[in-house]
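Data first, discussion second: the structure below is written as structure tokens.
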Amino acid sequence: MDSDTVTLTIEGDDATDELTVPSGLLDILREEADETDPQVVGDIAMFGLAQRIHGAVHHSQGEPDEEIAALEELTLDLFEERFGATFGELTGHDH
């Protein structure tokens, strides 16, 4: 692959995936000089997952079922644990 890219491996309990992204993009998104490529991608993944579950709970028609609401609560707790701030605080989007 092109030298201007970096490939990261995402590992789960029983599967893996590879993600190739432009290394310059990660440099732009890096918030601290010592932040690693996996940390940058992990932060972006956490933001994306929090946005998706937030949208499913608060921006869909009807009331979410209890399981979806519980998943949002857990995701937002993990988000806050990772970033030291709530999803609403970091995005300005709070309900």
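All the letters of the sequence shown, read from the start, carry residue numbers 2 to 96 under my numbering. Where is the CB? At the ideal position from N, CA and C, for every residue including glycine. Since this is a predicted model, take the numbers as computed values, not measurements.
| request: Measure the alpha-carbon distance for Glu-67 versus Glu-73 and round it to whole angstroms. | output: The residue you call residue 67 lines up with position 66 of the sequence shown. The residue you call residue 73 lines up with position 72 of the sequence shown. Those two C-alpha atoms are separated by around 10 Å.
| task | Put Thr-100 into one of helix, strand or coil per three-state DSSP. | result | The structure shown does not extend to residue 100, since the chain is modelled only from 2 through 96, so no value can be given for it.
| request: Identify the continuous alpha helix (DSSP H) that holds Glu-82 and give its terminal residues. | output: Looking up residue 82 in the sequence shown gives position 81. 67-84 is the span of the alpha helix (DSSP H), which, as asked, contains Glu-82.
| First and last residue of the uninterrupted beta strand (DSSP E) at Glu-90 | One-based indexing of the sequence shown puts residue 90 at position 89. Here Glu-90 belongs to no beta strand (DSSP E); instead the alpha helix (DSSP H) covers 88-92.
| field | Same chain only: Cβ atoms within 6 Å of Glu-81, ignoring 5 sequence neighbours per side | value | Taking the sequence shown and counting its residues from 1, the one referred to as residue 81 is at position 80. Hits under 6 Å: Thr-87.
| said: Let's see if you can read the secondary structure: which residues bound the beta strand (DSSP E) around Glu-12? | reply: Walking along the sequence shown from the start, residue 12 turns up at place 11. Taken as a continuous stretch (DSSP letters only), the beta strand (DSSP E) holding Glu-12 covers 6-12.
| field | Run of the alpha helix (DSSP H) containing Gly-49, from where it starts to where it stops | value | What you label residue 49 is simply residue 48 of the sequence shown in a count that begins at 1. 38-59 is the extent of the alpha helix (DSSP H) around Gly-49.
| task | Would you tell me roughly how many angstroms separate the C-alpha atoms of Ile-69 and Asp-78, rounded to the nearest one? | result | Reading the sequence shown from its first residue, position 68 is the one you call residue 69. Reading the sequence shown from its first residue, position 77 is the one you call residue 78. Approximately 14 Å between the Cα atoms of the pair.
| Alpha carbon to alpha carbon, what distance is there between Gln-40 and Glu-33? | Counted from its first residue, the sequence shown places residue 33 at position 32. Counted from its first residue, the sequence shown places residue 40 at position 39. So the two alpha carbons sit approximately 10 Å from each other.
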